[in-house]
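A.B. asks:
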Amino acid sequence: MEAWILNLTVGELLIDFSLMGALLLAGTLLRRYVPFFQRYLIPNSLIAGFLGLLLGAELFNVLPFDAARMGAYVYHLLALTFICVGLFKTEKKHSWGVINLGFMQVVIMLLQGILGLSLALAVTWFLVPDFNPATGILLPLGFSMGPGIAYSIGQSWAAFGYENAGSIGLTFAAIGFLVAYFFGMTLVNRHVGRDKAKALPHHVRQGIRSEGDHPIGSRLSFSSAAIEPMAVHVALVGAIYWVTWWITGGLAQLLTLGGLEAEIPVLWSFHFIVANTVSLGTRKLVLKDGRGAWIDDGTVHRLTGTFAEYLIAASIMGISLHIALRFALPIVAICVIGAYATYRVVKWAAWTVFSDYQFERFIGLFAQMTGTISSGLALLRVTDPEYRSPVAQELVLSSGVALCLGFPLLLVINMPFTVFDGKLMGFGIVLGLMFAYLLVLSGVWFLYVRRKRAQKK
């Protein structure tokens with residue numbers, strides 16, 4: 005099922021989202037009452053996703069949902085999330101910490117890609133001939149870029165013969181979440197002590213705020229007598245997605261006219277970037293002459309969080325267990341080695357580049373590069389409960405820097421299929437290109453750090 009082709013009935017859509025909603029409620033109750041989930045700060049959406057996977061067709065067959073449809077929801081929710089991110093207010097000038105964390109993110113993505121592809125090629129050559137080497141490329145997609153991008157790009161490879169890449173990408177992302185929270189919280193407990201972790205506020209551990217402790221989440225930018233403000237923001241996101249669909253579809257038509265039909269799946273896999281670009285342009289347009297004050301950041305944050313919760317739940321429910329289990333050993337080996345390498349590199353970089361808040365930057369970035377930005381912020385909160393350090397804001401803003409610096413990687417990882425037709429030689433060339441970009445980027449980063457340190461003296 006091609007994710008960009010909406011072969012869904014209204015009934016399937018409503019039932020699926022009703023099921024995900026019920027599972028999110030169940031996840032909220034489990035987080036509230038089960039100490040195990042509180043201890044590791046497991047997000048409600050992650051609990052919901054694994055609960056759905058357990059009750060789905062491949063195990064207990066209690067809930068009537070289709071894994072392929074869940075993958076399609078991940079694809080579209082990714083674009084909606086990137087639209088909301090594009091509507092946020094951004095800093096015009098990034099700080100030292102933001103730029104360095106942005107460099108670190110892309111360096112780690114490249115290292116994960118090089119390591120994952122090298123291990124996958126070794127498995128293909130020496131152990132399992134029918135193991136697709138592209139599986140190794142899914143390591144940075146699932147770990148560093150998250151389930152949405154892992155599925156979006158992975159499912160586009162079906163057009164080139166790798167039918168199950170989207171589902172395997174979700175498997176990598178799920179393992180990454182487990183690494184981020186279980187191993188990450190172990191590191192946090194070792195650093196701050198278990199007693200401090202247990203002393204977190206109840207609403208952080210249990211996920212529910214007590215009566216009288218309800219902070220303001222958004223503000224009304226329209227009169228409810230005329231229209232509900234949330235309805236306007238939802239309409240704006242919907243309109244931007246319609247424009248995204250129109251632009252991407254138009255580009256697909258141009259590829260068809262140019263005889264490049266084979267590139268269309270790759271184009272659609274990048275629709276989230278088109279969505280983010282249109283969103284950024286829309287915000288600049290409505291902000292012109294101060295007319296954009298009606299875009300409320302709090303409301304946009306609420307929408308972003310809502311889309312992300314459903315995305316994470318759907319990404320776990322979209323895993324095909326029989327496919328994942330077929331190559332379980334090499335996948336787990338790649339994940340374990342990749343996680344350890346990520347841990348070592350992030351720890352070295354955090355203590356080498358920064359002179360303050362080293363552990364906060366280390367644990368936040370490690371969790372982000374194995375899970376998502378939400379994982380990083382969750383673990384950071386244990387060591388910095390009130391976010392008094394600049395690290396939380398740096399993690400958020402550095403993601404934009406990483407998206408710009410990492411765009412060449414997104415182009416390169418498709419080349420084994422789009423340029424070399426899936427041949428092993430193509431994977432070797434892509435491995436060399438990633439290594440070359442790693443050297444170039446590391447050199448630029450080194451020069452940046454040296455220049456900034458010289459300016460401080």
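Per the numbering used here, the sequence shown starts with residue 5, numbered consecutively. For glycine and all other residues, C-beta sits at the position ideal for the given N, C-alpha and C.
1) So for Trp-250, helix, strand or coil by DSSP?
2) Can you tell me whether Thr-260 is helix, strand or coil according to DSSP?
3) Please name the residue, chosen from Trp-352, Ser-378, Gly-375, Ile-377, that lies closest to Phe-366 on a Cα-to-Cα basis.
4) Would Pro-47 pass as a contact of Ala-332 if the rule is Cβ separation under 9 angstroms?
5) Since I believe Gly-173 is in contact with Leu-145 (beta carbons under 8 angstroms), could you give me their beta-carbon distance rounded to a whole number of angstroms?
6) Pull up the distance between the alpha-carbon of Gly-101 and that of Trp-250, whole angstroms please.
7) Candidates Tyr-79, Gly-242, Val-434: which alpha carbon is nearest Ser-160's?
8) Please classify Met-5: does DSSP put it in a helix, a strand, or coil?
9) According to the Cβ coordinates, are Leu-409 and Gly-152 closer than 9 angstroms?
10) Given Pro-233, which residues of its chain have a CB within under 6 angstroms of its CB, disregarding the five upstream and five downstream residues?
11) Return helix, strand or coil for Gly-404, following the three-state DSSP convention.
12) In the structure shown, what three-state DSSP assignment does Phe-274 receive?
13) Would you call Phe-370 buried or exposed, if buried means 16 or more other Cβ atoms sit within 10 Å of its Cβ?
14) Counting only runs of 3+ residues fully inside the stretch 411-452, write out the beta strand (DSSP E) ranges in chain order.
15) Excluding the five sequence neighbours on either side, which residues of its own chain have a C-beta within less than 7 angstroms of the C-beta of Glu-426, listed in chain order?
16) Would DSSP call Ala-297 helix, strand or coil?
17) Is it right to say Leu-28 is buried, meaning 16 or more other beta carbons lie within 10 angstroms of its own, or is it exposed?
18) Apart from the five residues on each side of it in sequence, which residues of its chain come closer than 7 angstroms, Cβ to Cβ, to Ala-154?
19) Which runs of the alpha helix (DSSP H) fall wholly inside the stretch 31-66 and span at least 4 residues, in chain order?
20) Count the CB pairs spanning the stretch 317-334 and the stretch 48-68 that are closer than 8 angstroms, and state whether there are at least three.
21) Measure the alpha-carbon distance for Met-429 versus Arg-455 and round it to whole angstroms.
22) Output the boundary residues of the alpha helix (DSSP H) element that contains Pro-351.
23) Between the stretch 230-247 and the stretch 205-215, do at least 3 Cβ pairs fall closer than 8 angstroms?
24) Evaluate Arg-35 with the Cβ neighbour count: other Cβ atoms within 10 Å of its Cβ, from every protein chain shown; 16 or more gives buried, anything less gives exposed.
25) Closest to Asp-301 by C-alpha separation, out of Gly-25, Glu-62, Cys-88, would be which residue?
26) Report buried or exposed for Phe-186, applying the criterion of at least 16 other Cβ atoms within 10 angstroms of its Cβ.
27) So, at 7 angstroms on beta carbons, what are the nonlocal neighbours of Thr-376 in its own chain, with the 5 sequence-adjacent residues on each side left out?
28) By alpha-carbon positions, which one of Tyr-344, Ser-393, Ser-378, Ile-335 ends up nearest to Asp-360?
29) Report the three-state DSSP secondary structure of Ile-377 (helix, strand or coil).
C.D. replies: Taking the definition as stated:
1) Counting from one through the sequence shown, the residue named residue 250 turns up at place 246. The answer is helix: DSSP assigns Trp-250 an H, G or I state.
2) Counting from 1 along the sequence shown, the entry for residue 260 is found at position 256. Thr-260: helix per DSSP, three-state reduction.
3) Here residue 366 refers to the residue found at position 362 when the sequence shown is read from its first residue. Checking every option, the nearest Cα to that of Phe-366 belongs to Trp-352.
4) Here residue 47 is taken as the residue at index 43 of the sequence shown, counted from 1. Here residue 332 is taken as the residue at index 328 of the sequence shown, counted from 1. Result no, Cβ atoms of Pro-47 and Ala-332 do not sit closer than 9 angstroms.
5) Taking the sequence shown and counting its residues from 1, the one referred to as residue 145 is at position 141. Taking the sequence shown and counting its residues from 1, the one referred to as residue 173 is at position 169. Confirmed, about 6 angstroms.
6) As a first step, residue 101 must be located in the sequence shown, where it is residue number 97. As a first step, residue 250 must be located in the sequence shown, where it is residue number 246. Their Cα atoms are separated by approximately 38 angstroms.
7) Working through the sequence shown from its first residue, we reach residue 160 at position 156. Comparing Cα-Cα distances from Ser-160 to each of Tyr-79, Gly-242, Val-434, the minimum goes to Tyr-79.
8) If you number the sequence shown from 1, residue 5 lands on position 1. Here the model assigns Met-5 a pLDDT of 48, short of 50, so the residue's position is not dependable, and the following value carries that caveat. Met-5 falls in the coil class under three-state DSSP.
9) Here residue 409 corresponds to residue number 405 of the sequence shown, with the count starting at 1. Here residue 152 corresponds to residue number 148 of the sequence shown, with the count starting at 1. Cβ distance not < 9 angstroms, so Leu-409 and Gly-152 don't count as in contact.
10) The residue labelled residue 233 in the question sits at position 229 within the sequence shown. Only Leu-224, Ser-225, Phe-226 meet the Cβ criterion.
11) For the purposes of this step, residue 404 is taken as residue 400 along the sequence shown, with counting starting at 1. Reduced to three states, the DSSP call for Gly-404 is helix.
12) As a first step, residue 274 must be located in the sequence shown, where it is residue number 270. Phe-274 falls in the coil class under three-state DSSP.
13) Locating residue 370 in the sequence shown gives position 366, where the first residue counts as 1. Result: buried.
14) none
15) Position 422 of the sequence shown, counting from 1, holds the residue named residue 426. This sequence places Gly at residue 426; Glu is not what is there. Hits under 7 angstroms: Phe-164, Gly-165, Pro-420.
16) Residue numbering aside, residue 297 sits at position 293 when the sequence shown is read from its first letter. Correct three-state label for Ala-297: coil.
17) As a first step, residue 28 must be located in the sequence shown, where it is residue number 24. Flag for Leu-28 reads buried.
18) For the purposes of this step, residue 154 is identified with residue 150 of the sequence shown, where counting begins at 1. Only Leu-142, Leu-145, Gly-146, Gly-173, Leu-174, Phe-176, Ala-177 meet the Cβ criterion.
19) 39-43, 48-59
20) Enough Cβ pairs lie closer than 8 angstroms, so yes.
21) Start at 1 with the first residue of the sequence shown, and residue 429 comes out as number 425. Start at 1 with the first residue of the sequence shown, and residue 455 comes out as number 451. Spanning the two alpha carbons is a distance of roughly 39 angstroms.
22) Residue mapping note: residue 351 aligns to position 347 of the sequence shown, counting from 1. Note that residue 351 is Lys in the sequence shown here, rather than Pro. That run of the alpha helix (DSSP H) goes 332-357.
23) no
24) Taking the first residue of the sequence shown as position 1, residue 35 is located at position 31. The residue is buried, with at least 16 neighbouring Cβ atoms inside 10 Å.
25) Here residue 301 refers to the residue found at position 297 of the sequence shown. Of the listed residues, the one whose Cα sits closest to Asp-301 is Cys-88.
26) The count along the sequence shown starts at 1 and reaches residue 186 at position 182. Label assigned to Phe-186: exposed.
27) Stepping through the sequence shown from its first residue, residue 376 is reached at position 372. Answer for Thr-376: Gly-150, listed in chain order.
28) For the purposes of this step, residue 360 is taken as residue 356 along the sequence shown, with counting starting at 1. Measuring from the Cα of Asp-360, the nearest candidate turns out to be Ser-393.
29) For the purposes of this step, residue 377 is taken as the residue at position 373 of the sequence shown. If DSSP states are grouped into helix, strand and coil, Ile-377 belongs with the helices.
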